[in-house]
Structures are given as C-alpha cells and as structure tokens.
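For the sequence shown, my numbering assigns the number 738 to the initial residue and increments by one for each residue that follows. The block underneath contains the structure these notes are about, expressed in structure tokens.
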Amino acid sequence: MIYSFRPKFVMKMHWPQTRPDMIRKKRSLSLDNLKLSNPQKAAVARLLTAQKNKYKKLLHETHERMHIIADLTTSLEFWYNVNGSYEYVGRSSEQILGYLPEDFTRGNMRLETLIHPDSIEEFRKDRANALEGESGENVEYRLFTADKKVKWVQATWNPILTRKGKHIGIRISIRDISEFKQCQAFSRSYERLSLTIANELEEAGIFSVTADMVLKSWNIGANKLLGWEREEMIDAPVSKLFGDDAEKHFDAARSMDCGEEYRAEFVLLSKDGEPRSVRMLFLNLCNHEADLYQLTCMFRSAE
C-alpha cells in the first residue's frame, strides 16, 4: 500500500512593507530644531556669530599679509583664477608695464595682449602648462608697455594649490631684465669689435686664455709670428705654446690683481718647431666677484 501525504495548508511569509509616511526624513540641524529656550537660542546664535566673525577676520588678515608680501617682492606678481580672471596683480605693474593693477583686475586689460608677437606662442604654451599643474622657470618674453616701448622680462610660472592639493589658479612672477639684455648685447658687440680690431693688427701677436688655461682667440699677428693658424689654436691648451712649463709661466699672470699688467720675456713654440723669443704683456679680465675670467696676451718678437 502506498501512502501519500498532502499538506493541508502552506505557510506564507508576509514581510511588512514600509509605508512612505513611515520613512524618517533627515532633518537639517538648526537652532529651530533644537529644544532650547529662547534665551539659550540667542546665546548660541551670538556664539556662532562671534566664531564666524573671528574666522572671517583671520581670513582677511591672511589675505592682507599675502598681498603685502607680494607687493614687497621685486618681481611683478600676476595671480590667475582657473577661469582666467585675475585674483591679484602686484603694484609694480605700473612701474614695469605702465598700467595700474585695477586695469587688469577690474578692467579689460589682459597680459596676453601686451606680449610681443615673437613671444606670444611660447607665452600661451607656458600658461597652458601652468593650468595643467606644471611649473616653468626663467622663461624670457618680450612685451609692450603702455607707452609702446618693448621690454624684456623673465617669468616664472607656478600652479597655486590648496593644502589639500586642489588646483585653484596659477601665478606668474615677472622681472624686468631689459637693462641686462642691453648690457649683454653691448658686451657681445664690444667683444666682436675688439676681436675684429685685434685681428687686423698684424705687427703684434694677440691671443686670449681662459681661467682654465685654454686658448680662446688668436689673431693674424700671432699667426705671422708663430705660424699657427687660428683653427689650430682655438680651444687648444696653452701648453701648445709654452710647453710643459705653461703652468709655471702663467702663475705670475694669474696672481695679478684685477686691472694690473704683467710684462715678461718668454720662449714660445712655433709651428715649425723652432723656439721664438718674445716680449709679452698680460692683461687680465675679472668677473663681478674679482675672479679671473680671461687673460689677454700681446707679444712681439724679442729677436
């Protein structure tokens, strides 16, 4: 006999459903939600207001200190927001560019419009890199001032980040290097002029030596007296002329004070291997720290 069992009932589980009106809404915290008496609410409100004013004052003082430090720097400071507007422009903008800071921060003046056409592409590239968080140092641009003069400036780009690393803008520090560039150009022109004049002096041999005892220049007169061509002597050690005693011969010349002269007779090695007796005058050139930069040597035959 086969028995079959059929359950008389099936238990169904009914889970309680949450009604929308039963959902507890998160309430914002305010004085109205707190169970405080009116005097207590007034006291808390005064405390919060005092704290708020204190932090606003600290923020304002920090902002003022930041501006004072920027104003006291020798460079011109531009601070961009990430949207391209100017957060701050240093007071030296009037001295360097001929424009007031307000012309940039409140007016329509843009630094980009002052950049020389020869420098504008590099300026835009450096600014874009700064907006991406990169830095750039000692970049040189040419720009126009308010009176249409051209100036050389040296710029440094830096991204501005919060303590948490959020990128909030960029800073460009600008220094006027126009006088330096002018002196640099004059120096190069004077050097070319001096070398040209020296090269035309055929009756006297003239060459220059660096502080590392390497020949830097060689004129026609030196070529005629010793036979060495200019291409053979430039960047050659002075031992090519003075032999193994070069250091000993140059010790006295290198120990001279700036502006001194030193005269002596030497025996130089000619290209044909024959020694040549010469009378030589040493003139030294020092840098701004009074260190030897170059020796200029003028010589004539002593025979």
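Glycine is no exception: its CB is placed at the ideal position from the N, C-alpha and C atoms. Owing to the predicted nature of the structure, the values given are computational and were not obtained by experimental measurement.
Item                                                                                                                    : Value
Stretch-stretch touch, CB-based, cutoff 8 Å, three pairs: the segment 945-955 with the segment 903-919                  : no
Contact belief for Val890 with Asp913 at Cβ below 8 Å, rounded distance in angstroms                                    : 6 Å
Spatial neighbours of Ala973 in its chain, beta-carbon cut-off 6 Å, leaving aside the 5 residues before and after       : Leu952
For Ser1007, three-class secondary structure by DSSP                                                                    : coil
Distance CB(Phe1036)-CB(Gly942) smaller than 9 Å                                                                        : yes
Which of helix, strand or coil DSSP assigns to Ala780                                                                   : helix
Residue of Lys778, Val946 and Glu940 minimising C-alpha distance to Cys1023                                             : Val946
Backbone secondary structure at Thr786 - three-state DSSP                                                               : helix
Neighbourhood of Ile833 by C-beta distance below 8 Å, restricted to the same chain and skipping five residues each side : Leu813, Thr882, Lys888, Val890, Ile911 and Asp913
Status (buried if at least 16 other CB within 10 Å, exposed otherwise) for Leu784                                       : exposed
Complete runs of the beta strand (DSSP E) confined to the segment 892-971 [at least 3 residues]                         : 904-913, 942-947 and 952-955
Extent of the continuous alpha helix (DSSP H) to which Leu868 belongs                                                   : Ile857 to Leu868
At least three beta-carbon pairs within less than 8 Å, the segment 982-995 to the segment 956-971                       : no
Classification of Ile971 by the beta-carbon crowding that lies within 10 angstroms, buried from 16 upward               : exposed
According to DSSP, residues forming a beta bridge with Phe815                                                           : Val826 and Ile909
beta-carbon Ala935 near the ligand HEM non-hydrogen atom, thresh 8 Å                                                    : The ligand HEM is not among the ligands present in this structure, which contains no ligands whatsoever.
Where Gly873 falls: helix, strand or coil (DSSP)                                                                        : strand
Separation of Ile897 from Val826, as counted between CA atoms                                                           : 15 Å
Leu1022, DSSP secondary structure in three states                                                                       : strand
C-alpha gap between Phe1019 and Glu968, whole angstroms                                                                 : 23 Å
Cβ shell of Gln1031 (< 8 Å), same chain only, five flanking positions each side left out                                : Ser945, Val946, Thr947, Ala948, Lys953, Asn1021 and Leu1022
Segment limits, beta strand (DSSP E) that includes Ser1038                                                              : Leu1029 to Ser1038
Rounded Cβ spacing between Trp987 and Leu1005 (contact assumed at less than 8 Å)                                        : Note on identity: in this sequence residue 987 is Phe, with Trp being the wrong assignment. Incorrect: roughly 13 Å between the Cβ atoms, too far for contact.
Spatially closest choice to Ala935 from Ser924, Ile957, Phe923 and Ala922, by CA coordinates                            : Ile957
Local conformation of Ala807 per DSSP, three classes                                                                    : At Ala807 the pLDDT is 47, less than 50, meaning the model places this residue with poor confidence and gives no usable figure here.
Terminal residues of the alpha helix (DSSP H) in which Lys977 lies                                                      : Ser976 to Phe979
DSSP-derived helix/strand/coil call for Ala1001                                                                         : strand
Three-state secondary structure assigned by DSSP to Lys681                                                              : This structure leaves residue 681 out entirely; the chain is present only between 738 and 1040.
Euclidean distance between Cα positions of Asn875 and Ile857                                                            : 16 Å
Buried versus exposed, by CB contacts within 10 Å (16 or more), Arg1013                                                 : buried
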